[in-house]
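Q: Got a structure for you, written out below as structure tokens; questions coming shortly.
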Amino acid sequence: MAKISTIVRFTKPMAKIGSLVAPRASAGFLERYFLTPSRREMQAWEIDCMAKAETSIFTFDEKRKFPVYSWGQGPVVMLVHGWSGRASQLTTLVPGLLKKGYQVVSFDAPGHGEADGKLTGMPEMAAALSQVADHFGPIEAVVAHSLGGAAATLAQSRGLAAKKLVFISPPENVGDYLYRAARLFGFSHKVARGSQELLEKRFSFTFQKVRGASLAPSMGAPLLLIHDVKDRQVNFEDSHLWVESWPESTLMSTEGLGHLRILREASVVKATLEFLGQPEEEYLGTEPETLSGKGVLPEKYQGSGRLGQTVQE
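Structure follows, in structure tokens:
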């Protein structure tokens, strides 16, 4: 936190000058900052489950590839991480979903985790989700964290057709974070607006049209929202906006779990599994899959090849 504060203090004088003498260049800098997720090492509790996944390599565009992970067989539940996240952050859900008879599919979005790329954005996360869903579909449900919820809503509006959705700590207005970043660095509103125009041109969308409140009214699938009242990264009030706009939705609140620890909370896992329920009857007679075996650890953790067994190039 001290490092970030130092950077901000150093940047603010330059940002103010840049806003006056070079607003276009400043807007470009802010755009790149907004499109650059950070990558963090997996924690020990994430590694074991990821090592037992089958890993497929998908091609997103001519330059970038991204890994897709799957466990088990049955109706597909997709797990979608948030900004600066990775697939492994949602693996606390995998054992319970396998026991219910679902196949679990997740992925590292472009620019995240083990995926290629440095610059990306929410529309690309949505596109990657749709690409994976088209391969594994039909999709029974989507469980998404943070910005993954916004991406899943955009994908759903473009034909994803998941039967149920669970959003954990989802931002309702993605564009608001651009203006927060501008204020943090000390850029003017004019620079932030210029950056918004660059982003909307890049992805052929408008922030207003991809807001949760804009897309939610057309959603037919039931939604469970889970959000911590003291979340410092995404305001709890965002989930109220989701619920007010989404026709069939329920909000569950927690307290003291923040934005990330909520993903490991037993009550959150239980609520998600209960909301999703059992698969269709045709799958109930099959033997549920479980995580078993020692697995293969990723190279940077134990010198192996890739996560799990790579089954597609």
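Per my numbering, residue 483 is the first one in the sequence shown, and the count goes up by one each step. All residues carry an ideal CB built from backbone N, CA and C; glycine is no exception.
Tell me residue 589's beta-bridge partners as DSSP assigns them.
A: 550.
Q: Could you give the DSSP three-state label for residue 883: helix, strand or coil?
A: The shown model of the chain, from 483 to 795, leaves out residue 883, and the question about it has no answer.
Q: Reducing DSSP to helix, strand and coil, say where residue 736 ends up.
A: The answer is strand: DSSP assigns residue 736 an E or B state.
Q: Give every residue of the same chain whose Cβ lies closer than 8 Å to the Cβ of residue 767, excluding the five residues on either side of it in the sequence, and list them in chain order.
A: Interpretation of residue 767 is limited by its pLDDT of 45, a score under 50 that renders its predicted location unreliable; the figure taken from the coordinates is listed afterwards. Answer for residue 767: no residue qualifies.
Q: With burial defined as no fewer than 16 other Cβ atoms inside 10 Å of the residue's Cβ, what is the status of residue 499: buried or exposed?
A: Exposed, by the Cβ-count rule.
Q: In or out: residue 525 buried (at least 16 other Cβ within 10 Å) or exposed?
A: With fewer than 16 Cβ atoms within 10 Å of its Cβ, residue 525 is classed as exposed.
Q: Taking residue 744 as part of the beta strand (DSSP E), name the residues at either end of that continuous run.
A: Counting along the chain, residue 744 falls outside any beta strand (DSSP E), and DSSP gives it neither H nor E.
Q: Within its chain, find whatever has a CB closer than 6 Å to the CB of residue 705; leave out the 5 residues flanking it on each side and keep chain order.
A: Counting only Cβ-Cβ distances below 6 Å, and skipping sequence neighbours, we find 647, 728, 731.
Q: Just to confirm, are residue 710 and residue 677 a CB contact at a threshold of 9 Å?
A: No, Cβ-Cβ distance for residue 710 and residue 677 is not below 9 Å.
Q: So which of 546, 667, 537 has the shortest CA-CA distance to residue 586?
A: It is 537 whose Cα lies nearest to the Cα of residue 586.
Q: So, at 6 Å on beta carbons, what are the nonlocal neighbours of residue 550 in its own chain, with the 5 sequence-adjacent residues on each side left out?
A: Closer than 6 Å at Cβ, skipping near neighbours: 538, 540, 589, 614.
Q: Ordered along the chain, which non-local residues of its own chain (more than five positions away) have a Cβ less than 7 Å from that of residue 495?
A: Cβ neighbours of residue 495 beyond the five flanking positions: none.
Q: If you compare alpha carbons, which of 664, 745, 699, 574 is closest to residue 713?
A: If we check each option's Cα against that of residue 713, 745 comes out closest.
Q: Whose CA, out of 759, 650, 632, 601, lies closest to the CA of residue 611?
A: Nearest option by C-alpha distance: 632.
Q: Over what stretch of residues does the beta strand (DSSP E) that includes residue 558 continue unbroken?
A: Counting along the chain, the beta strand (DSSP E) containing residue 558 begins and ends at 558–562.
Q: Under the three-state reduction of DSSP, which class applies to residue 703: helix, strand or coil?
A: Of the three classes helix, strand and coil, the one that applies to residue 703 here is coil, per DSSP.
Q: Straight-line CA distance for residue 665 to residue 655?
A: About 16 Å.
Q: Quick one: any contact between the region 595–609 and the region 617–627, if contact means 3 or more CB pairs under 8 Å?
A: Not touching, per the Cβ criterion.
Q: With H, G and I counted as helix, E and B as strand and the rest as coil, what does DSSP make of residue 623?
A: Strand, per DSSP.
Q: Quick check: what's the CA-CA separation for residue 759 versus residue 569?
A: About 22 Å.
Q: If you reduce the DSSP assignment to three classes, tell me which class residue 786 lands in.
A: Model confidence at residue 786 stands at a pLDDT of 35, short of 50, so the residue's coordinates are unreliable and nothing is read from them.
Q: So is residue 691 in contact with chain D if we call contact Cβ pairs under 9 Å?
A: The displayed structure is made up of one protein chain only, and chain D is not part of it.
Q: Between 689, 708, 558, 718, which lies nearest to residue 753 when the distance is taken from Cα to Cα?
A: When only C-alpha atoms are compared, the closest one is 708.
Q: Where do the N-terminal and C-terminal ends of the beta strand (DSSP E) with residue 536 fall, by residue?
A: Where residue 536 is concerned, the enclosing beta strand (DSSP E) stretches over 536–541.
Q: From residue 645 to residue 560, what distance separates their C-alpha atoms?
A: Going from the Cα of residue 645 to the Cα of residue 560 covers about 11 Å.
Q: Around the Cβ of residue 553, are there at least 16 other Cβ atoms within 10 angstroms (buried) or fewer (exposed)?
A: Classification for residue 553: buried.
Q: Do the CB positions of residue 681 and residue 660 come within less than 9 Å of each other?
A: Result yes, Cβ atoms of residue 681 and residue 660 sit closer than 9 Å.
Q: Hey, how far is the Cα of residue 756 from the Cα of residue 577?
A: Whole-angstrom Cα-Cα distance: 14 Å.
Q: Could you check where the alpha helix (DSSP H) with residue 681 kicks off and where it finishes?
A: Element bounds for residue 681: 671–685.
Q: For residue 641, count neighbouring C-beta atoms within 10 Å of its own C-beta (all shown protein chains included) and say buried if the count is 16 or more, exposed if not.
A: Residue 641 should be labelled exposed.
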